Amino acid sequence: MRWKSSDYAGWGRVLRASGEVARPERAAAVAQATADTPSPAIGMRRSYGDACLNDGGRVIDMTRLDRVLDFDATTGEIHVEAGAMIGELLATFSPRGWLPPVMPGTGFATVGGGICMDVHGKNHHGAGSLGQHVTEITLMTGDGPRTITPKDDAPLFKATVGGLGQTGPILSARFRLLKAKGDVMVVTERRVQDWDEFLHLLDASDATYSVGWIDATARGLSLGRGILEEAETGGGLVRPAKRGRKVPMDAPGLTLSPPVVRAFNAAYWRRVPASGRTLVKPVDDFFFPLDKIHDWNRLYGKRGFHQFQCVVPLAEADRLRGILEKVANSGLASPLAVLKRTGPGRAGFLSFPMEGYTLAVDFPNRTGAERLIRDLIRMAAEAGGRIYFAKDSVASPEAVRGMYSEQGQWLDEVERIDPGAAFATDLVRRLKLRERT
Amino acid sequence: MSTTWIVLGATSTIARHFARLVAAKGDGLILAGRDMEELRRSAADGLARGAPLAEAMAFDARDPASFDPLLDRLRAIGGSISVAVFVGSMPSQEDIDADPSLVDGTVTDSFTGPARFLTAVAPILEERGMGTVVGVGSVAGDRGRLGNYVYGASKAGFHAYLSGLRNRLGRSGVHVVTVKPGTVDTAMTWGMDKLPFLAPPEKVAADILRAVERRTDVLYTPFIWWPVMTVIRAIPERIFKKMKI
C-alpha cells in the first residue's frame, strides 16, 4: 500500500494536520492498509474541526470505494461502499423515486462519515438519524471484514454509529431508501418575525422536512427572525439544476464583515414575501443548498471558520434563546445559521440528537470567536444540552464532560475493539474522549 | 442506441467510472479482469445504476486461454457489441532495467494481449456491423522517453494497431477510438511527486464517453495533452535525445 505525505484540514480549515494518507481503490487494499498500520478512516472531510484529522499519524481515505453493491428496487434496500457520497446516491436514485432516508446539509458527506457521525437531516423529527435506518455495517478489522447488525451486535453497533470511527474503518453499509412521490421538492417558505413565532411554528409544523434559517445578527424585538422552510417530495417537471460554481480563491477578510453580513441577512429575509410562498425545487437544491458553490468554505478566507452547533431539550428553549441572544450581540455571526426542532431519534452511544431544538451558527475565525464559542458551549451544557462533535474545533475535555451520558458504554466497546487507540483522531485526543474520568 | 460493453481491465479506476457512465445510459456490461471479487462489486454497481446486464468474467492479457469463454459469451449476446480496453501495466523503468524479463509482461499487458483479443473479436464486430472499440493508450506512446520507454513502446505499438483496426472496422460501420490519457489521479499515481495536469478519473471517463458518442478517432484527455504532445513530438530527435522530460 502506498502512503502519501499530505497536508489536510477539516471543512472549517482552522484545524489542520499533516501525515501519510492511503487511498485504497479495492476492498482488499483496505485490508492491506489496515494490516500495514491500523489507522482511522476518513471520507470527504466535511467535519468542520478535527474529527477527520490524525496529525503526525496515518489515515485511510475511503472515497474511492463508492460502489453500490446491491439495490432492491422493490424494498429500496441498498448496500453501498462507505466512500459513496450521499448526494451521489440522491442523484442516482431520486429519478427512480428513492431518497436516502436521512441527508445531512451537504451531499458531499460519505455514507461512512454519515454513520460515524450518526447524521441527522431536515426530517429528523420524523425519520430520526441515519444510523436508525442502517441494518448492517461491515467493519474492517485486523482479521478481515466483519459484518455487524443492530440486533446481533448491539453494543458494537451502537459504538460504531456516531462513534467517530473509533471501532475501525467502515467498508460498507446496508440501509433502506425512502420512497418519494417524485424527484422534486415542494417547498413552502415563510417569513418568521421573531424567536417566539419561530418556536411556535416549528412546534406546530407537520411537514416531513423542515428547517429554519435564522438571522443571527438580528437583535432586540427582531431576535430570532428568519425563514421557515417546510417541504414534501413531489412529482412533476422542473428545470434541470444549473452547474455548480466554484469559489476560485480565498476571499478577502472584508467579505463577511459584520455590516456586510447584517445587510445580506436583512435582504435575504425580505426575499421571501411577507405572505410566504410555495415553490418547486430540484431535490438537491433543497437538501444541499450550499453544495452548488463548490469550496464555499473559502469564502471565509485563509483563516477559516468555526461552526457552533448545539441541541437543548424542549423545556430549555429559553436558554437556547439566551444563546442566540449572545450570538446576535457579539456581531460575529455569519449568514449561515440554522434552527431546527429535533426528535428523540439517535442510534449510537455518542449520537448527537436529542428531542429538542438545535441551533447551528458559523463564525469567521476572528478575534473573539473562539472565546464566544466556549461561552456558548458552557451555556449549552447548563441547558442540559450537548454540542455536535462533527462541527466542533474549540471545546475542551472539561466542557464536554457529561454531555454524552452513554460515553462509558461507548468507551467499553471501543477499548475492546481498539485497545491500542490506533483509530484515535485529533478530535478524540483533544477532547480526551478515550480517557476515563 | 444501447450496446453491451466488454470492458477489459475493468478494475482500473478509469474503467470503473466509464462502466458507471454507460450503465446509467442503459448499456449492458461484461466486466473482465483478474480480481473477480472486485469485478463482482463493480458489476453490482453497474446493475444498480441501470445496466440491463452486468457480469464479471475472468480475463488475463497474459493468458490467451482466458479469451475463449469471453468470446463465447459475447457471441451469445444479441445486438450491438462494443469493446473497451483498459488493460496495461507500467513497471518503473528502473525495475525493467534491473530485470529485462519484465519487458515481455509489459508488452503483453499493454499491447499484444489486447491486440490478440481484439483481432479475435473483430470478425464478430464486422458481422454485427455496429458498435465501438475503445482502446486506451497513453501520451507515453507518442514519444519514447527516458523515464518509461518500454511502457511507451508498448502503447505506441497499441496506437498503431488501433489505427489499423480503425481502418479495417470502419468499413463495416464499427468505430474505433484511440484514447491517450495523460497522468490520471489513480492508485498508480498516488504518492508520486509533481505530476503535470493530473486529471480526475471521472473526467477522463466522461471524455471517453463523449468521444464514443462523437465518433472521435484519437482523443487526448485532458485536452491540454494535445498541444503538449504536439510540441513534444515536433522536437527533433537530435535535441530530444539530450532532454530529460
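Residue numbers (this note's numbering), protein chains in the order written: chain A, 1 to 437; chain B, 1001 to 1245. Note that the Cβ used here is the ideal one computed from N, Cα and C, for glycine as well. All of these numbers come straight from a predicted model, not from anything done at the bench.
Residues near residue i by beta carbon distance below 6 angstroms, same chain, minus five either side
| i | result |
| --- | --- |
| residue 258/A | 331 |
| residue 422/A | 38 |
| residue 40/A | 54, 59, 165, 423 and 425 |
| residue 120/A | 129 and 353 |
| residue 33/A | 1, 22, 24 and 60 |
| residue 251/A | 299 and 301 |
| residue 214/A | 226, 337 and 339 |
Within-8 angstroms CB hit, residue i to chain A
| i | result |
| --- | --- |
| residue 1033/B | no |
| residue 1060/B | no |
| residue 1186/B | yes |
| residue 1044/B | yes |
| residue 1038/B | yes |
| residue 1191/B | yes |
| residue 1011/B | yes |
| residue 1199/B | no |
Within-8 angstroms CB hit, residue i to chain B
| i | result |
| --- | --- |
| residue 98/A | no |
| residue 36/A | no |
| residue 67/A | yes |
| residue 217/A | no |
| residue 92/A | yes |
| residue 71/A | yes |
| residue 410/A | no |
| residue 213/A | no |
| residue 25/A | yes |
| residue 46/A | no |
| residue 176/A | no |
| residue 2/A | yes |
CB of residue i within 8 angstroms of CB of residue j, strictly
| i | j | result |
| --- | --- | --- |
| residue 168/A | residue 199/A | no |
| residue 73/A | residue 111/A | no |
| residue 175/A | residue 101/A | yes |
| residue 1058/B | residue 1032/B | yes |
| residue 1063/B | residue 1089/B | no |
| residue 1035/B | residue 1005/B | no |
| residue 390/A | residue 154/A | no |
| residue 1217/B | residue 1177/B | yes |
| residue 234/A | residue 181/A | yes |
| residue 369/A | residue 403/A | no |
Separation of residue j from residue i, as counted between CA atoms
| i | j | result |
| --- | --- | --- |
| residue 48/A | residue 60/A | 18 angstroms |
| residue 318/A | residue 96/A | 43 angstroms |
| residue 1151/B | residue 1115/B | 15 angstroms |
| residue 305/A | residue 346/A | 28 angstroms |
| residue 6/A | residue 190/A | 45 angstroms |
| residue 1086/B | residue 253/A | 47 angstroms |
| residue 1160/B | residue 293/A | 44 angstroms |
| residue 79/A | residue 136/A | 9 angstroms |
| residue 365/A | residue 327/A | 14 angstroms |
| residue 340/A | residue 321/A | 13 angstroms |
| residue 409/A | residue 387/A | 19 angstroms |
| residue 313/A | residue 202/A | 14 angstroms |
| residue 171/A | residue 197/A | 45 angstroms |
| residue 1133/B | residue 1122/B | 10 angstroms |
| residue 1044/B | residue 56/A | 37 angstroms |
| residue 46/A | residue 392/A | 12 angstroms |
Integer Cβ distance of residue i from residue j, believed to fall under 8 angstroms
| i | j | result |
| --- | --- | --- |
| residue 284/A | residue 87/A | 6 angstroms |
| residue 256/A | residue 308/A | 16 angstroms between Cβ atoms; not a contact. |
| residue 269/A | residue 225/A | 6 angstroms |
| residue 67/A | residue 23/A | Actually they do not touch by this definition, with Cβ atoms about 15 angstroms apart. |
| residue 118/A | residue 131/A | 4 angstroms |
| residue 1009/B | residue 1023/B | Not confirmed; about 17 angstroms, so no contact. |
| residue 297/A | residue 13/A | 6 angstroms |
| residue 1209/B | residue 1021/B | 5 angstroms |
| residue 133/A | residue 342/A | Not confirmed; about 16 angstroms, so no contact. |
| residue 159/A | residue 414/A | 6 angstroms |
| residue 1013/B | residue 1186/B | 4 angstroms |
| residue 359/A | residue 417/A | Incorrect: roughly 34 angstroms between the Cβ atoms, too far for contact. |
| residue 1143/B | residue 1238/B | 14 angstroms between Cβ atoms; not a contact. |
| residue 433/A | residue 162/A | Actually they are not in contact, since the Cβ atoms of residue 433/A and residue 162/A sit about 12 angstroms apart, beyond 8 angstroms. |
Beta-carbon proximity list for residue i, same chain, < 8 angstroms, skipping 5 on both sides
| i | result |
| --- | --- |
| residue 378/A | 399 |
| residue 276/A | 188, 189, 190 and 191 |
| residue 363/A | 305, 306, 307, 308, 332, 333, 334, 369, 372 and 373 |
| residue 1148/B | 1090, 1092, 1093 and 1140 |
Close beta carbons around residue i, own chain, < 7 angstroms, minus the five adjacent residues each side
| i | result |
| --- | --- |
| residue 1131/B | 1003, 1080, 1081, 1082, 1125 and 1174 |
| residue 223/A | 194, 195, 324, 325 and 328 |
Any non-hydrogen atom of the ligand FAD closer than 7 angstroms to residue i Cβ
| i | result |
| --- | --- |
| residue 1208/B | Ligands displayed in this structure: none; no statement on the ligand FAD is therefore possible. |
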